[in-house]
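The structure under discussion appears below in the form of structure tokens.
Number of protein chains: 2
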Amino acid sequence: MTSFQVTSQDLEAIAIGGAFLGTGGGGDPYIGKLMAQSVMAEKGPVTVISPDEVADDWLCVPVCMMGAPTVMVEKLPNGSEAASALAQLESFLGRKADALVCIEAGGLNSTIPFAVASATGLPLIDGDGMGRAFPELQMVSFTMHGIAATPMVLADDKGNSSVINAISNLWTERLARCQTVEMGGAALVALYPMSGAQVKQGILRHTISLIREIGETIAGERWAHRNPTEALVSRLKGRRLFAGRVVDIDRRTVGGFARGRATFKGMDAYEGQSFQVDFQNEFLVCRNGEGRLLATTPDLICALDADGGLPVTTEQLRYGLAVTVIGLPCDSQWRTPHGLELVGPHYFGYQHDYIAFEELA
Amino acid sequence: MTSFQVTSQDLEAIAIGGAFLGTGGGGDPYIGKLMAQSVMAEKGPVTVISPDEVADDWLCVPVCMMGAPTVMVEKLPNGSEAASALAQLESFLGRKADALVCIEAGGLNSTIPFAVASATGLPLIDGDGMGRAFPELQMVSFTMHGIAATPMVLADDKGNSSVINAISNLWTERLARCQTVEMGGAALVALYPMSGAQVKQGILRHTISLIREIGETIAGERWAHRNPTEALVSRLKGRRLFAGRVVDIDRRTVGGFARGRATFKGMDAYEGQSFQVDFQNEFLVCRNGEGRLLATTPDLICALDADGGLPVTTEQLRYGLAVTVIGLPCDSQWRTPHGLELVGPHYFGYQHDYIAFEELA
Numbered sequence: 009m010t011s012f013q014v015t016s017q018d019l020e021a022i023a024i025g026g027a028f029l030g031t032g033g034g035g036d037p038y039i040g041k042l043m044a045q046s047v048m049a050e051k052g053p054v055t056v057i058s059p060d061e062v063a064d065d066w067l068c069v070p071v072c073m074m075g076a077p078t079v080m081v082e083k084l085p086n087g088s089e090a091a092s093a094l095a096q097l098e099s100f101l102g103r104k105a106d107a108l109v110c111i112e113a114g115g116l117n118s119t120i121p122f123a124v125a126s127a128t129g130l131p132l133i134d135g136d137g138m139g140r141a142f143p144e145l146q147m148v149s150f151t152m153h154g155i156a157a158t159p160m161v162l163a164d165d166k167g168n169s170s171v172i173n174a175i176s177n178l179w180t181e182r183l184a185r186c187q188t189v190e191m192g193g194a195a196l197v198a199l200y201p202m203s204g205a206q207v208k209q210g211i212l213r214h215t216i217s218l219i220r221e222i223g224e225t226i227a228g229e230r231w232a233h234r235n236p237t238e239a240l241v242s243r244l245k246g247r248r249l250f251a252g253r254v255v256d257i258d259r260r261t262v263g264g265f266a267r268g269r270a271t272f273k274g275m276d277a278y279e280g281q282s283f284q285v286d287f288q289n290e291f292l293v294c295r296n297g298e299g300r301l302l303a304t305t306p307d308l309i310c311a312l313d314a315d316g317g318l319p320v321t322t323e324q325l326r327y328g329l330a331v332t333v334i335g336l337p338c339d340s341q342w343r344t345p346h347g348l349e350l351v352g353p354h355y356f357g358y359q360h361d362y363i364a365f366e367e368l369a
Numbered sequence: 009m010t011s012f013q014v015t016s017q018d019l020e021a022i023a024i025g026g027a028f029l030g031t032g033g034g035g036d037p038y039i040g041k042l043m044a045q046s047v048m049a050e051k052g053p054v055t056v057i058s059p060d061e062v063a064d065d066w067l068c069v070p071v072c073m074m075g076a077p078t079v080m081v082e083k084l085p086n087g088s089e090a091a092s093a094l095a096q097l098e099s100f101l102g103r104k105a106d107a108l109v110c111i112e113a114g115g116l117n118s119t120i121p122f123a124v125a126s127a128t129g130l131p132l133i134d135g136d137g138m139g140r141a142f143p144e145l146q147m148v149s150f151t152m153h154g155i156a157a158t159p160m161v162l163a164d165d166k167g168n169s170s171v172i173n174a175i176s177n178l179w180t181e182r183l184a185r186c187q188t189v190e191m192g193g194a195a196l197v198a199l200y201p202m203s204g205a206q207v208k209q210g211i212l213r214h215t216i217s218l219i220r221e222i223g224e225t226i227a228g229e230r231w232a233h234r235n236p237t238e239a240l241v242s243r244l245k246g247r248r249l250f251a252g253r254v255v256d257i258d259r260r261t262v263g264g265f266a267r268g269r270a271t272f273k274g275m276d277a278y279e280g281q282s283f284q285v286d287f288q289n290e291f292l293v294c295r296n297g298e299g300r301l302l303a304t305t306p307d308l309i310c311a312l313d314a315d316g317g318l319p320v321t322t323e324q325l326r327y328g329l330a331v332t333v334i335g336l337p338c339d340s341q342w343r344t345p346h347g348l349e350l351v352g353p354h355y356f357g358y359q360h361d362y363i364a365f366e367e368l369a
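Top to bottom, those sequences are chains X and P.
All letters in the first sequence, in the order written, are residues 9 to 369 by the numbering used here.
All letters in the second sequence, in the order written, are residues 9 to 369 by the numbering used here.
In structure tokens form, the structure reads like this:
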């Protein structure tokens with residue numbers, strides 16, 4: 009795997025693939041795509057490099073948006089905040105970044121780094137810290153590899169910012185989340201400053217390539233007037249969980265998160281059944297009407313519009329929308345005891361233990 | 009007015025005077041006194057200098073505790089957090105402080121700076137930013153003189169910290185308050201880094217001397233078995249508002265503040281009447297049972313234990329406690345339009361306009 013260029017045109021596929029792996033959350037990548045395309049129109053394409061090409065002594069920095077997706081889509085970043093967060097972190101560290109990193113391979117945060125990479129001319133490393141999207145900042149492979157989230161910089165659209173230094177990544181999440189809420193529900197952040205050696209150890213590899221490929225698959229199937237479900241399930245070793253229409257959606261923005269539950273009435277092969285999907289920014293748990301578990305965090309629960317075949321985020325769920333919901337196995341790191349402690353069902357307040365998606369078939 | 013030494017013994021009077029000008033809030037200065045005395049036992053006395061002795065190019069830094077007094081008295085600072093907040097601010101600014109400043113002449117924050125001054129060997133400037141205590145960090149004379157609260161450092165007892173840079177002092181308050189809550193309800197902070205020239209322009213002068221004098225007056229009257237009310241009213245051009253017993257106290261710690269209302273049944277000359285005092289950390293508004301205003305923020309409302317004559321803070325109010333409540337005129341800066349915008353009744357959500365304490369007699 010070697011480096012490749014990502015142009016404004018390539019972002020179309022990356023935004024779609026990012027929305028899919030965003031598992032309902034991470035914010036609509038359409039906004040990040042517009043941000044990145046606007047910057048690229050002026051500053052040119054972005055070079056994506058393999059983790060293997062990163063020198064051990066490089067300073068590598070993830071840059072992303074933090075907050076409730078419901079807010080992010082109404083409070084568009086003006087583009088300069090993310091670069092400002094990076095610049096302030098560089099200033100605090102007294103050193104320039106050598107490469108950028110995606111914190112999550114999903115949603116808005118799979119496209120925002122392209123905007124910053126284009127603006128700064130820095131390469132973006134092919135990989136991320138989640139292999140999907142998760143709602144809280146400590147939920148990354150970097151935490152499992154002992155990499156500190158701090159110093160972390162938050163910057164808002166008004167010109168406010170802060171630098172956090174915390175004793176753990178969970179404390180960083182707490183201290184950053186409350187400021188994100190205060191800043192209006194969303195902030196641009198630069199965090200987990202790490203060496204190239206740490207990147208090579210901690211990153212989930214080649215997930216940028218993966219979301220581009222997913223986006224191209226979805227676009228290709230749509231072009232051929234096919235729903236992309238079969239192709240995606242086959243490519244990603246996933247399984248269709250159900251197809252259904254939204255009959256109820258309970259949603260609130262609380263504690264800086266978009267939380268809620270969507271209830272679906274089965275359709276086609278699932279006629280007569282019902283299904284529930286819980287979310288905290290991202291889809292967390294899917295059950296059928298009898299309460300049987302169909303998929304649970306950290307495995308991926310992804311929704312596609314049953315008609316158009318495009319990924320659906322939680323804020324797009326509305327009464328009557330027909331969706332196909334697909335389950336995918338998560339990265340194997342998340343299935344370790346440390347991984348489950350960070351992102352397993354218990355962390356999110358559920359009583360059930362994690363059962364691998366494959367065993368729930 | 010020239011410099012003078014403050015010893016561990018002098019802190020007894022300063023703590024009492026600070027509790028009085030703390031207008032019910034700012035936290036029980038007893039804790040700050042213990043902190044300061046413990047440091048002084050090892051590091052020696054503190055030099056208090058007049059603002060006139062400060063060189064224009066000095067870096068002067070207020071260091072204080074921020075949070076709900078109800079929390080502060082249960083979550084004792086270990087002494088190193090305040091010094092840590094100062095050290096981190098110095099590191100951020102790339103420059104050592106030349107002198108310390110009291111943010112408020114009241115409560116815990118009139119004694120904590122002595123602990124830091126003794127530990128660092130820095131002089132403390134005779135004055136403060138409020139001439140009393142107020143609940144929010146933008147409520148200082150420094151704001152009226154256009155001095156920025158940021159960069160501001162918060163540090164907690166666990167080792168977490170943050171550096172805030174905000175576009176206004178009100179934004180600094182918002183971003184710091186939410187982290188203070190997250191840090192457990194209280195944090196040690198270093199803020200309003202300013203030049204000696206700015207200190208001379210913005211500080212309310214000689215209020216450290218004043219609280220020492222008030223403390224000595226209270227101690228002297230108590231020594232002579234007299235209630236200090238008459239002596240204080242005479243010295244500070246104040247007025248006794250009422251004497252009464254607490255018959256009801258509604259108190260909650262919300263949004264990082266101790267808020268509530270105390271109701272009193274008049275006694276002695278006030279027999280048959282009732283009184284109410286509202287507070288947000290500090291006493292804000294005093295009315296009699298018919299709703300007539302007796303004193304309102306920013307004028308000072310101070311309570312003394314009717315028996316012992318010592319100042320009473322809001323967290324010490326309890327059913328049956330007999331108090332004498334005294335009103336004092338605030339510093340004239342608070343009575344300007346800008347002052348009233350910062351700390352007048354409207355800011356705290358009251359409908360009534362400010363009426364000077366003297367006119368309410």
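Ideal placement from N, C-alpha and C gives every residue a C-beta, glycine not left out.
No experiment lies behind these values; they were computed from the predicted model shown.
Grouping DSSP H, G and I as helix and E and B as strand, with all else coil, what is P:Glu-351?
The residue labelled residue 351 of chain P in the question sits at position 343 within the second sequence. Residue identity differs from the one stated: residue 351 of chain P is Val in this sequence, not Glu. P:Val-351: helix per DSSP, three-state reduction.
Quick one: does P:Ser-99 have its CB under 7 Å from some CB of chain X?
Taking the second sequence and counting its residues from 1, the one referred to as residue 99 of chain P is at position 91. Closer than 7 Å: no.
Helix, strand or coil for X:Arg-257? Go by DSSP, reduced to three states.
Numbered from 1 along the first sequence, position 249 holds the residue referred to as residue 257 of chain X. Note on residue identity: the sequence assigns Ile, not Arg, to residue 257 of chain X. Residue state, collapsed to three classes: strand.
If you compare alpha carbons, which of P:Arg-343, P:Leu-308, P:Phe-283 and P:Ala-105 is closest to P:Arg-247?
As a first step, residue 247 of chain P is located in the second sequence; it is residue number 239 there, counting from the start. Closest by alpha carbon: P:Leu-308.
Give the single residue among P:Val-255, P:Val-171 and P:Val-241 whose Cα lies nearest to the Cα of P:Pro-201.
Here residue 201 of chain P corresponds to residue number 193 of the second sequence, with the count starting at 1. Among P:Val-255, P:Val-171 and P:Val-241, the Cα nearest to that of P:Pro-201 is on P:Val-171.
What residues match up with X:Arg-267 in a beta bridge as DSSP calls it?
Along the first sequence, one-based indexing puts residue 267 of chain X at 259. Note: X:Arg-267 sits in a beta bridge opposite X:Arg-260 and X:Gln-288.
Short-range partners of chain P found in the region 154 to 174 of chain X, where Cβ spacing is below 8 Å
Lys-166, Gly-167, Asn-168, Ser-169, Ser-170, Val-171, Ile-172, Asn-173 and Ala-174
Please return the same chain residues whose Cβ sits closer than 6 Å to the Cβ of X:Val-56, not counting the five positions on each side in sequence.
Reading the first sequence from its first residue, position 48 is the one you call residue 56 of chain X. Within the same chain, X:Val-56 has close Cβ partners Phe-12, Val-14, Leu-132, Asp-134 and Ile-216.
Using a C-beta to C-beta distance shorter than 8 Å, which residues of chain P count as neighbours of X:Leu-183?
What you label residue 183 of chain X is simply residue 175 of the first sequence in a count that begins at 1. Within 8 Å Cβ-Cβ: Asn-168, Ser-170, Gln-187, Glu-190 and Met-191.
Terminal residues of the beta strand (DSSP E) in which P:Asn-173 lies:
Numbered from its first residue, the second sequence carries residue 173 of chain P at position 165. Residues 169 to 173.
Can you list the residues of chain X that P:Ile-179 reaches, using a CB-CB cut of under 8 Å?
Within the second sequence, numbered from 1, the residue matching residue 179 of chain P stands at position 171. Residue identity check: residue 179 of chain P is Trp in the sequence provided, not Ile. Lys-166 and Asn-168, listed in chain order.
Residue span of the beta strand (DSSP E) that contains X:Ala-364, given as start and end
As a position in the first sequence, residue 364 of chain X is number 356, starting the count at 1. That residue, X:Ala-364, is in no beta strand (DSSP E); it is neither H nor E in DSSP.
Pairing CB atoms from the region 110 to 118 of chain P with CB atoms from the region 63 to 81 of chain P, are three or more of them under 8 Å?
yes
Under the three-state DSSP convention, the category P:Thr-188 falls into
The residue given as residue 188 of chain P occupies position 180 in the second sequence. Of the three classes helix, strand and coil, the one that applies to P:Thr-188 here is helix, per DSSP.
Report all residues from its chain with a CB closer than 8 Å to the CB of X:Phe-265; omit the five preceding and five following residues, and keep chain order.
Within the first sequence, numbered from 1, the residue matching residue 265 of chain X stands at position 257. Here the set comprises Ala-76, Pro-143, Gln-288 and Asn-289.
DSSP three-state assignment for X:Ile-309, whether helix, strand or coil
Counting from 1 along the first sequence, the entry for residue 309 of chain X is found at position 301. Strand, per DSSP.
Alpha carbon of P:Asn-173 to alpha carbon of P:Pro-159, nearest angstrom
Looking up residue 173 of chain P in the second sequence gives position 165. Looking up residue 159 of chain P in the second sequence gives position 151. Spanning the two alpha carbons is a distance of roughly 5 Å.
How far does the beta strand (DSSP E) with X:Ala-303 in it extend, from its first residue to its last?
Against the first sequence, residue 303 of chain X aligns to sequence position 295. That run of the beta strand (DSSP E) goes 301 to 304.
Label X:Leu-84 either buried or exposed according to how many other C-beta atoms from any shown protein chain fall within 10 Å of its C-beta, with 16 as the threshold for buried.
Locating residue 84 of chain X in the first sequence gives position 76, where the first residue counts as 1. X:Leu-84 should be labelled exposed.
X:Pro-306: which of X:Gly-252, X:Thr-321, X:Asp-256 and X:Asp-361 sits nearest, CA to CA?
Sequence index remark: in the first sequence, residue 306 of chain X carries index 298 (1-based). X:Pro-306 has its Cα closest to that of X:Asp-361, out of X:Gly-252, X:Thr-321, X:Asp-256 and X:Asp-361.
If you follow the alpha helix (DSSP H) that P:Gly-210 is part of, which residue opens it and which one closes it?
Position 202 of the second sequence, counting from 1, holds the residue named residue 210 of chain P. Its alpha helix (DSSP H) spans residues 204 to 210.
First and last residue of the uninterrupted alpha helix (DSSP H) at P:Leu-101
Here residue 101 of chain P corresponds to residue number 93 of the second sequence, with the count starting at 1. Run containing P:Leu-101: 88 to 101, per the alpha helix (DSSP H) assignment.
Please list, in chain order, all residues of the same chain as X:Ala-127 whose beta carbon is under 7 Å from its beta carbon, the five residues on each side excluded.
As a first step, residue 127 of chain X must be located in the first sequence, where it is residue number 119. Hits under 7 Å: Val-47, Lys-51 and Ala-91.
Please identify the residue among X:Phe-100, X:Thr-180 and X:Ala-205 whose C-alpha is closest to the C-alpha of P:Lys-166.
In the second sequence, residue 166 of chain P corresponds to position 158, counting from 1. Of X:Phe-100, X:Thr-180 and X:Ala-205, the residue nearest in Cα terms is X:Thr-180.
Any contact of the region 270 to 286 of chain X with the region 242 to 262 of chain X, i.e. 3+ C-beta pairs under 8 Å?
yes
X:Thr-215 - containing alpha helix (DSSP H), residue span
Within the first sequence, numbered from 1, the residue matching residue 215 of chain X stands at position 207. First-last of the alpha helix (DSSP H) with X:Thr-215: 215 to 231.
State buried or exposed for P:Gln-206, treating a residue as buried only when at least 16 other CB atoms are found within 10 Å of its CB.
Locating residue 206 of chain P in the second sequence gives position 198, where the first residue counts as 1. P:Gln-206 comes out buried.
Between which two residues does the alpha helix (DSSP H) holding X:Leu-240 run?
For the purposes of this step, residue 240 of chain X is taken as the residue at position 232 of the first sequence. That run of the alpha helix (DSSP H) goes 237 to 244.
Kindly examine the ligand GTP and report whether one of its heavy atoms sits closer than 6 Å to the Cβ of X:Lys-51.
For the structure depicted, the ligand GTP is absent and the ligand set is empty, with no information on it obtainable.
Count the other CB atoms, across all protein chains shown, that sit within 10 Å of the CB of X:Lys-245; report buried if there are 16 or more and exposed otherwise.
For the purposes of this step, residue 245 of chain X is taken as residue 237 along the first sequence, with counting starting at 1. Label assigned to X:Lys-245: exposed.
Give me the Cα-Cα distance between X:Gly-299 and X:Gly-268, rounded to the nearest whole angstrom.
Taking the first sequence and counting its residues from 1, the one referred to as residue 299 of chain X is at position 291. Taking the first sequence and counting its residues from 1, the one referred to as residue 268 of chain X is at position 260. Between X:Gly-299 and X:Gly-268, the C-alpha separation is close to 17 Å.
On a CA-only basis, which of X:Thr-322, X:Ala-141, X:Pro-121 and X:Pro-37 is nearest X:Gln-284? Give me that one, please.
Taking the first residue of the first sequence as position 1, residue 284 of chain X is located at position 276. For the residues X:Thr-322, X:Ala-141, X:Pro-121 and X:Pro-37, the minimum Cα distance to X:Gln-284 belongs to X:Thr-322.
Between the Cα of X:Ile-155 and those of X:Cys-68, X:Glu-229, X:Pro-53 and X:Pro-345, spot the shortest distance and give me the residue it belongs to.
Sequence index remark: in the first sequence, residue 155 of chain X carries index 147 (1-based). Minimum Cα distance to X:Ile-155 is reached at X:Cys-68.
Local conformation of P:Ile-57 per DSSP, three classes:
Counted from its first residue, the second sequence places residue 57 of chain P at position 49. In the structure shown, P:Ile-57 sits in a strand (DSSP, three-state: E or B).
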